[in-house]
Amino acid sequence: MDQLEKDKRFLTTQLQEMKKQSLSLFQKRDEIDELEGFQQQEISKVKHMLLKKEECLGKMEQELEARTRELNRTQEELVTSNQMSSDLNQRIEELQRHCSALEEQRNHVTSSKAFSERRIVILEQKEQELQALTQQLSIDLQKVSSGAWVGRPFCWSLGRKTLLLEGAFLV
């Protein structure tokens, strides 16, 4: 019986030990289950955050594509504007050359006009002188025809007036 008692104590001790281990095992299993629950929650949070980041990244990629298209369009507009500016600058230079040529022509025409106006004034003066001289010759001729003038002074005067008439036509 002693042996039995020893076996009984031994088995009781082992039973106690096994109960402790079993309890410890259940506690560890509960802890593991709890940790797995936390882990699942964290994985869900990370997946949710990753999904949000992917959505955000998708939006950013779309925005980047839109801005890239806008940049390309703006660059094309800039090239077109630069070409137009170059064309306009060439046209301006051409118009300035044309304007300078027209200015020279205007100056030439103005100068020619002034010269012609002076020439017209001179010719009008000569015309008046010729009319006066023609009138005087007509009067002199009437006098000669009527016999009122005789002699050398008349010939000298007539010769002088003839020379004046010839000189007027040379101008």
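Per our numbering, the very first residue in the sequence shown carries number 7; after that it's consecutive.
C-beta: ideal position from N, C-alpha, C; glycine also.
Query	Result
Reduced DSSP category for Met90 - H, G, I as helix; E, B as strand; rest coil	helix
Pairwise C-alpha distance: Gln46 and Val52	10 Å
For Arg97 and Ala72, the rounded distance between their alpha carbons	37 Å
Lys12 versus Ser30: straight-line alpha-carbon distance, rounded	26 Å
Euclidean distance between Cα positions of Leu147 and Ala138	14 Å
Sequence-distant residues of its chain with Cβ nearer than 8 Å to Gln68 (five each side left out)	none
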